[in-house]
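Chains as they are written, first to last, in the working numbering: chain A, 101 to 523; chain B, 101 to 523. The next block holds one structure in the form of structure tokens; read it before the comments.
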């Protein structure tokens, strides 16, 4: 078969990297060249990741996030065949693209659009289906930030206190004199690179410590997330500007566990997943001490992620209950100071800010997002009464390469839907 | 605290080895001496295993076995407080023991007794509860054997054919010239020791190959279950006598996958778990090639295991459907030739046989069992219309040390219940 190449790189496009087409892990045993493993790092490589992202728990240890035994929240269906033709101009382009085309451009594995709580669009590609969990990567952070904001609201957590106040083990690390709020909004000053194309970036040491990368026989580094966090050095002054560093989420996870005495899996289940009307249990990856990867280990089915987005859109209500305090939602939507965000230089996110581990657009619709590497997203547009959730396995490890075909698509979809007064 | 010692060894008794009391994996992070890990082998050690056996998927990679979206099969409750006082004489003892005492003697984590489909007794101890999966260990084999027997019944698998006919990769191994039936009934002649107290026993190499034991930095051995199976040597003649070797189940798993083109997790879900009215999904451990541990990797909630026992007792019916053909159940109940079983020398199992990976008592009640290391059990007594399922974490790795306080207890319970005409 002739292999088509995407415009951006010498890698196969969405259709030609379809994991079912490529036959990863098929056979007993699969042929050597079709294996996707943890031990050789292949699970993180494109296009193998298009299989691995739907099969995380067959590759690494995980903990369940139970949906409990409650009712499933209905998501009424009002399929809208007109939506595929919604068009937009990608960032940096002069040519229109349709919604349908954007799905391939972004290596989408699955996408759900809710309008006024109805499923108006739902598609699955590759190895994903409605009943299979997919890794959410950094979308996880927005769940952790929301739980932290709830604890602040409840008075259990003081966001003006220092990290060392809650976690003395971090006193000598860069986090020691940061406030909880600085961690929650990622305005800490940390010597930690998250440039995935740099093999010496600290993100890799972090991943190895957390058991997310193979270690090699002579590995002498940190054995756990917590051990790694204690080694992080300061670089600059806390509170000056936003800098996206995953370790803030893991530190926040540590603070939350210390304050509540519960695991993150328990908290996610008790505070969110069991009160959402979820269809399926979720799960989260853990390190060798059982510590969940708060920075990116959550795996969910896509409709349940949409239910969480809808909960956020509905001021924290689901199943007739106030699950998240309205004040917490308002605090997230209000965002942080875009002037602290600007120096980070995200050219696709002009005027945005970062608050409680959510990305706030400050656009005229009040849209805000949870964002994960390789294109994971929860996009909430309050004005258009729209929630979009997407799982994807883009070959680019970072949203700056993915935003051009997705952010304008989401906004175009919102503009299209808001015109409709139908339901 | 004074530590009480059990009679059988210098190890703490059930109460003093309670994983909640000992505080395994509590804290963020847990203290070093309270960690239970895969990497240092502690998950397999007593008393840490009393925690690990309820938390397998937080320690190793696993695959889901979905219950699907069907109704839960009701298990009506008729709690019988009289059952704790049922008494019996342990094998090799002259003193009576009560049912209640036997639970501690056997380091029981949970036990369910069904009579005529009613839950008449249900207890959870240690870290287990009704909604937490526990590892079933070799009880797994009886599921695999049942699926194989179904495939034979359906004509998809010829049990008179050689293993090499289905899996040519095994032609040069000990399995090559064994028949499928010899594998199903474990009358193969294999150079493979399953004596857990012998550090050189092949079971350990098997476990390391399958990713169930840490490998050490210089490990050069087989990388997967399938690679290990190809290395097994013959010792004696196939078909002469029963010899319990876990690798038969893994070979049978290979045959089943080859014949069906499906994974064991898919088969277990499609053929059993989704048709049982299970309350919870189950899961199974996998090696680094994604191959499920057919010899012992199943994890289930205890009531769902009881539902499977009840399905067997009801001639293969559940939820008004014939899930397993009646002829398959009859073939299991009929058992194999006890004369081929006797040479194995199980003093607690006189006159028993082994058929389709089930243990058949040939007693007057027609009782038969699925049995797992450390005391896991499904005990089906057709005459008494009774099913007992138990999860346990005994410090003895083998049922011969556990049977004395359980087999006579099960039979005494059957005799007690059969007198009752109440429901």
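Beta carbons: idealized from backbone N, C-alpha and C, even for Gly. Owing to the predicted nature of the structure, the values given are computational and were not obtained by experimental measurement.
Presumed contact (8 Å Cβ cut-off) between residue 472(A) and residue 396(A), rounded CB distance | Between residue 472(A) and residue 396(A), the beta carbon gap of about 7 Å places them in contact (Cβ cut-off 8 Å).
Beta-ladder partner(s) of residue 492(B), from DSSP = BP columns for residue 492(B) point to 208(B).
Which residue comes first and which comes last in the beta strand (DSSP E) that contains residue 111(B)?
-> Looking at the DSSP string, residue 111(B) is not in any beta strand (DSSP E), and its letter there is neither H nor E.
With 16 as the cutoff for other CB atoms within 10 Å, does residue 153(A) come out buried or exposed?
-> Under this definition residue 153(A) is a buried residue.
In angstroms with no decimal places, state the Cα-to-Cα distance between residue 517(B) and residue 209(B).
-> Looking at the two C-alpha atoms, the distance is approximately 23 Å.
Name, please, each residue of chain A whose Cβ falls closer than 8 Å to the Cβ of residue 419(B).
-> None at all; the shortest Cβ gap to chain A is about 19 Å.
Three-state secondary structure assigned by DSSP to residue 325(A) = When DSSP states are grouped into helix, strand and coil, residue 325(A) belongs to the helix group.
Note down, in chain order, each residue of its chain lying with its Cβ closer than 6 Å to the Cβ of residue 233(B), except the 5 sequence neighbours on either side.
-> Here the set comprises 399, 400, 401.
Give the single residue among 237(A), 231(A), 249(A) whose Cα lies nearest to the Cα of residue 493(A).
-> Ranked by how close their Cα comes to the Cα of residue 493(A), the residues 237(A), 231(A), 249(A) have 237(A) in first place.
Mapping DSSP to helix, strand and coil, what is residue 132(A)?
-> Residue 132(A): helix per DSSP, three-state reduction.
Proximal residues of chain A, C-beta to C-beta of residue 268(B) below 7 Å = Under the 7 Å cutoff, chain A gives no residues; its nearest Cβ is about 12 Å from residue 268(B).
Could you name the residues that DSSP lists as bridge partners for residue 165(A)?
-> DSSP output for residue 165(A) lists 382(A) as bridge partner(s).
Cα-Cα separation between residue 119(B) and residue 463(A), rounded to whole angstroms | Approximately 53 Å between the Cα atoms of the pair.
Straight-line CA distance for residue 447(B) to residue 320(B)?
-> C-alpha of residue 447(B) to C-alpha of residue 320(B): approximately 39 Å in a straight line.
Can you tell which of 429(B), 310(B), 438(B) has the C-alpha that lies nearest to the C-alpha of residue 161(B)?
-> The candidate whose alpha carbon is nearest that of residue 161(B) is 310(B).
Span separating the alpha-carbon of residue 103(A) from that of residue 115(A) | Note that residue 103(A) scores 36 on pLDDT, short of 50, meaning its location in the model is unreliable and no value can be drawn from it.
Between 461(B), 455(B), 147(B), 137(B), which lies nearest to residue 159(B) when the distance is taken from Cα to Cα?
-> The shortest C-alpha separation from residue 159(B) is found at 137(B).
Please confirm if residue 226(B) has its CB atom under 8 Å from at least one CB of chain A.
-> No, residue 226(B) lies away from the interface with chain A (no Cβ there is under 8 Å from its Cβ).
Taking C-beta to C-beta, are residue 293(B) and residue 301(B) nearer than 8 Å?
-> Closer than 8 Å, so yes.
In this structure, does DSSP put residue 472(B) in helix, strand or coil?
-> Three-state DSSP puts residue 472(B) in a strand.
Candidates 360(A), 430(A), 454(A): which alpha carbon is nearest residue 53(A)'s?
-> The structure shown has nothing for residue 53(A), since chain A only spans 101 to 523.
Give the DSSP-derived three-state secondary structure of residue 362(A) in the structure shown.
-> The answer is coil: DSSP assigns residue 362(A) none of H, G, I, E or B.
Beta-bridge partners of residue 399(B), as assigned by DSSP | Looking at the DSSP assignment, residue 399(B) forms a beta bridge with 235(B), 383(B).
When you compare each of 466(A), 503(A), 470(A) to residue 485(A) by their alpha carbons, which one comes out closest?
-> Of the listed residues, the one whose Cα sits closest to residue 485(A) is 466(A).
Using DSSP with H/G/I as helix, E/B as strand and the rest coil, what is residue 345(B)?
-> DSSP places residue 345(B) outside both helix and strand once states are collapsed to three, so it counts as coil.
Terminal residues of the alpha helix (DSSP H) in which residue 429(B) lies = It spans 426-434 - the alpha helix (DSSP H) in which residue 429(B) sits, taken as one unbroken run.
Using a Cβ-Cβ cut-off of less than 9 Å, give me the residues of the segment 188-200 of chain A that come near chain B, in sequence order.
-> Within the segment 188-200 of chain A, no residue qualifies.
Among the residues of its own chain, which have a CB less than 6 Å from the CB of residue 222(B), if the five just before and after it don't count?
-> 212.
Please check if any C-beta of chain A sits within less than 8 Å of the C-beta of residue 129(B).
-> Yes, residue 129(B) lies at the interface with chain A (some Cβ there is under 8 Å from its Cβ).
Do you know whose CA, among 329(A), 390(A), 308(A), lies nearest residue 141(A)'s CA?
-> Here the closest residue by C-alpha is 308(A).
Count the CB pairs spanning the segment 361-378 of chain A and the segment 255-269 of chain A that are closer than 8 Å, and state whether there are at least three.
-> The way I'd put it, the segment 361-378 of chain A doesn't touch the segment 255-269 of chain A; fewer than three beta-carbon pairs between them come closer than 8 Å.
Going by Cα to Cα distance, which pick from 193(B), 215(B), 199(B) is closest to residue 176(B)?
-> The residue with the shortest Cα to Cα distance from residue 176(B) is 215(B).
Going along the chain, which residues of its own chain have a beta-carbon closer than 6 Å to the beta-carbon of residue 373(A), five neighbours each way excluded?
-> Exclusion of the five residues before and after residue 373(A) leaves 165, 167, 382 as the residues of its chain whose Cβ lies within less than 6 Å of its Cβ.
Opening and closing residue of the beta strand (DSSP E) in which residue 455(B) lies = Under the DSSP assignment, residue 455(B) falls in the beta strand (DSSP E) whose first and last residues are 453-455.
Between which two residues does the beta strand (DSSP E) carrying residue 221(B) extend?
-> Taken as a continuous stretch (DSSP letters only), the beta strand (DSSP E) holding residue 221(B) covers 218-224.
Name the chain A residues that come within less than 7 Å of residue 373(B), Cβ to Cβ?
-> From the beta-carbon of residue 373(B), no residue of chain A is found nearer than 7 Å; the closest lies around 14 Å away.
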